[in-house]
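Worksheet: the structure to be examined is printed underneath.
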Amino acid sequence: MRKYLEPISKNNPIIAQTLGVCPALAVTAQLKPAVVMAIAVTVVCAFSNFIISLIRNTIPPRIRIVVQLLVVSFFVILVDQFLQAFFYEMSKLLSVFVGLIITNCIIMGRLEAYALSHKPLPSLLDGLFNGLGYGLVLVTVGTVREILGQGTLWGCPVFGNGFYTLGYMNNGLMVLPPMALILVGCLIWIKNARQS
Amino acid sequence: MKFSNRYIFLYISVLIIIIAGVLAVVSLTLRPRHEENRKGEKAAQILSAAGYGTLKAADAVALFDSVAAPLTGSDSERYTILCADGDTGQVFHVHGKGLWGPIWGYVVLASDANTVKGVSFSHKSETPGLGAKIEEESFAKSFEGKKLHDMNGDFVSIALTAKGKGDGRDEANRVDAISGATITSKGVEKMLYDGLKEVVE
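Here the protein sequences come in this chain order: C and R.
Read in this note's numbering, the first sequence has 49 at position 46, and its numbers run on one by one without any break.
Read in this note's numbering, the second sequence has 126 at position 90, and its numbers run on one by one without any break.
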């Protein structure tokens, strides 16, 4: 079990392996899209790991990347269609970044490194926890950015009006992607400092 | 294990057929919902331009059907609509380019085809906090009551100029541009000019 929990912090896809940083910058301006993106990546990662592991002995090695891509895109399109049908506002907010999960190197990385050589159930768990580890960073960054950038959390105001009359201002820089990069950098810093 | 070319070819073909089949079924099943969502979004946008405020997609469709009617005889989207204040207006669809991607919107004109009753804009990917502000109600509000023609009756559309600078335009023919979002503002200006020129003339 301990091994499965590694991607949550010690071997976190973003802050330890610095994979999948681009969508992490793009969807974390607010908490809500960050959470939805986290769920989407977790679902895709867990299930494609599971499926690839199920058929791992039948996949010809020469075309394994193609097969992996097919399976990943299958799940991503499913998630995208589902979001468009039932969470339309959210799918507009996430726009292309749902589709770009296909190219997220965390997922391909897990398929190559784990699912191709392990049994289905462990693979499912591995995918699940890698997705959760990724999601944890998205949610953390999303929370900080939304509070400091827009003064809200999950769309609800967190500061009273009195706060603003005292001269507090929302930080416009927080809304823009560069600040997410800096926040991810800070998380990496904290993690490295704790582990050294 | 060694795999023959034949096996590889068959394997990938079967996999593709299965995946494509399932996705096709999913897409067909969900299509009515997708269309409903898009319809609701459009209805909500037009109604917001007509002064009904922000509505949920489901309510918007019902209200839209009761107050708006499509104008026949034009290739672009036009509607007559009963505005929230009781006047009848005409809805025009406009579209153009922002800084990062397409921008579009709906303009509701009063029956004189000159006075703007309301607008609502939307965008694909403008910068949050800067260009994305064109979506906000406060920006849309600044268009209310503006005129498309100047005092001599010439079509000048509505310009977005820096706050307090009219560039020699009448106050009725300009609104404040969004500071820090010059290209998006210019995009809105051009979109209005191009989109409304033909319908007004």
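The beta-carbon is built from N, C-alpha and C at its ideal position, and this holds for glycine as well.
If you're wondering where the values come from, they're calculated on a predicted model, not measured in any experiment.
From which residue to which residue does the alpha helix (DSSP H) around residue i run?
i: GLN198/C; result: 180 to 198
i: PRO36/C; result: 34 to 57
i: ALA195/R; result: Premise fails: ALA195/R lies in the beta strand (DSSP E), 195 to 197, not in any alpha helix (DSSP H).
i: VAL101/C; result: 99 to 102
i: ARG113/C; result: 108 to 116
i: ARG42/R; result: 41 to 85
i: ARG5/C; result: 5 to 8
Checking 8 Å against the spacing of the C-beta atoms, do residue i and residue j come in under that value?
i: LYS153/R; j: LEU166/R; result: no
i: VAL61/R; j: GLY76/R; result: no
i: GLY138/C; j: THR45/C; result: yes
i: PRO26/C; j: LEU103/C; result: yes
i: ILE139/R; j: PHE128/R; result: no
i: LYS182/R; j: ALA198/R; result: no
i: THR116/R; j: LEU135/R; result: no
i: ALA120/R; j: ALA86/R; result: yes
i: LEU190/C; j: ILE11/C; result: no
i: ASP186/R; j: ASP206/R; result: yes
i: LEU22/R; j: VAL103/R; result: For residue 22/R there is no data in the structure shown, the boundaries of chain R being 37 and 237.
i: PRO180/C; j: ALA29/C; result: yes
i: GLY23/C; j: ASN107/C; result: yes
i: ALA149/R; j: VAL211/R; result: no
Identify which residue in the options has its Cα closest to the Cα of residue i.
i: LEU228/R; options: GLY216/R, PHE191/R, LYS201/R; result: PHE191/R
i: GLY137/R; options: LYS160/R, PRO164/R, ALA80/R; result: LYS160/R
i: LYS194/C; options: GLY145/C, LEU131/C, VAL140/C; result: VAL140/C
i: ILE55/C; options: PRO123/C, GLN153/C, TYR171/C, GLN87/C; result: PRO123/C
i: VAL161/C; options: TYR167/C, GLY170/C, ILE150/C; result: ILE150/C
i: GLU171/R; options: ALA79/R, GLU113/R, VAL224/R, TYR88/R; result: VAL224/R
i: ILE62/C; options: LEU46/R, ASN150/R, LYS169/R; result: LEU46/R
i: VAL47/C; options: LEU179/C, GLU92/C, ILE109/C; result: ILE109/C
i: HIS243/R; options: MET182/C, GLY154/C, LYS95/C, THR155/C; result: Nothing can be reported for residue 243/R, as the shown portion of chain R is limited to 37 through 237.
i: SER120/C; options: PHE132/C, ALA27/C, ASN60/C; result: ASN60/C
i: GLY57/R; options: GLN20/C, ILE80/C, GLY175/C, LEU127/C; result: ILE80/C
i: ASN52/C; options: PHE78/C, ASN174/C, PHE90/C; result: PHE78/C
i: LEU59/R; options: ILE68/C, VAL24/C, VAL38/C, VAL75/C; result: VAL75/C
i: GLY112/C; options: GLN87/C, GLY134/C, SER199/C; result: GLY134/C
i: PHE179/R; options: THR163/R, ALA213/R, GLU113/R, GLY231/R; result: ALA213/R
i: PRO16/C; options: TRP157/C, ALA29/C, MET182/C, ASP129/C; result: ASP129/C
i: SER221/R; options: ALA80/R, ARG205/R, ILE194/R; result: ILE194/R
i: GLN33/C; options: ASN173/C, THR155/C, GLN84/C; result: THR155/C
i: ILE68/C; options: GLY170/C, LEU114/C, LEU190/C, CYS159/C; result: LEU114/C
i: SER49/R; options: VAL70/C, ALA196/C, LEU179/C, LEU169/C; result: VAL70/C
i: PHE90/C; options: SER40/R, GLU72/R, ALA105/R, TYR142/R; result: GLU72/R
i: MET4/C; options: PRO125/C, GLY165/C, VAL178/C; result: PRO125/C
i: LEU57/C; options: TYR117/C, VAL82/C, LEU97/C, GLN84/C; result: TYR117/C
i: SER147/R; options: VAL130/R, GLY125/R, VAL155/R, GLY141/R; result: GLY125/R
i: GLN198/C; options: LYS6/C, LYS13/C, GLU9/C; result: LYS13/C
i: GLN84/C; options: SER174/R, PRO68/R, TYR88/R; result: PRO68/R
i: ARG74/R; options: GLY89/R, ALA94/R, TYR88/R; result: ALA94/R
i: LYS201/R; options: GLY189/R, ASN188/R, SER215/R; result: SER215/R
If residue i sits next to residue j, beta carbons under 8 Å apart, how far is it from one beta carbon to the other, in whole angstroms?
i: LEU184/C; j: VAL147/C; result: Not quite, the Cβ-Cβ distance comes to about 13 Å (not below 8 Å), so this is no contact.
i: GLY145/C; j: THR31/C; result: 4 Å
i: ALA43/C; j: VAL101/C; result: 6 Å
i: ILE55/R; j: ARG65/C; result: Contact flag wrong, Cβ pair sits at about 19 Å.
i: LEU64/R; j: LEU83/R; result: Not a contact, Cβ separation roughly 30 Å.
i: MET93/C; j: VAL39/C; result: 5 Å
i: ALA49/C; j: LEU131/C; result: 4 Å
i: LEU184/R; j: LEU232/R; result: 6 Å
i: LYS169/R; j: ALA217/R; result: 7 Å
i: ASP230/R; j: GLY122/R; result: With 8 Å as the limit, ASP230/R and GLY122/R do not qualify as a contact, their Cβ atoms being about 31 Å apart.
i: LEU51/R; j: LEU73/C; result: 6 Å
i: ASN173/C; j: GLY152/C; result: 6 Å
i: LEU107/R; j: ALA88/C; result: In fact, because the Cβ distance is near 31 Å, the residues do not count as touching under 8 Å.
i: PRO36/C; j: LEU97/C; result: 5 Å
Where does the unbroken beta strand (DSSP E) through residue i begin, and where does it stop?
i: ASP230/R; result: Element bounds for ASP230/R: not the beta strand (DSSP E) but the alpha helix (DSSP H), 218 to 236.
i: VAL79/C; result: Careful: VAL79/C lies outside any beta strand (DSSP E), inside the alpha helix (DSSP H) at 67 to 89.
i: VAL30/C; result: From DSSP, VAL30/C is part of no beta strand (DSSP E); its letter is neither H nor E.
i: ASP212/R; result: 210 to 212
*Residue ranges of each alpha helix (DSSP H) run of no fewer than 4 residues wholly in the segment 128 to 182 of chain R, ordered along the chain?*
173 to 177
*What are the uninterrupted segments assigned as alpha helix (DSSP H) that are 4 or more residues long and contained completely in the segment 146 to 181 of chain C, given in chain order?*
With a minimum length of 4 residues, the continuous alpha helix (DSSP H) runs that stay inside the segment 146 to 181 of chain C are 164 to 168, 175 to 178.
*Can you check the segment 88 to 124 of chain R for any beta strand (DSSP E) of at least 3 residues that lies completely inside it and give the ranges in chain order?*
104 to 106, 114 to 118
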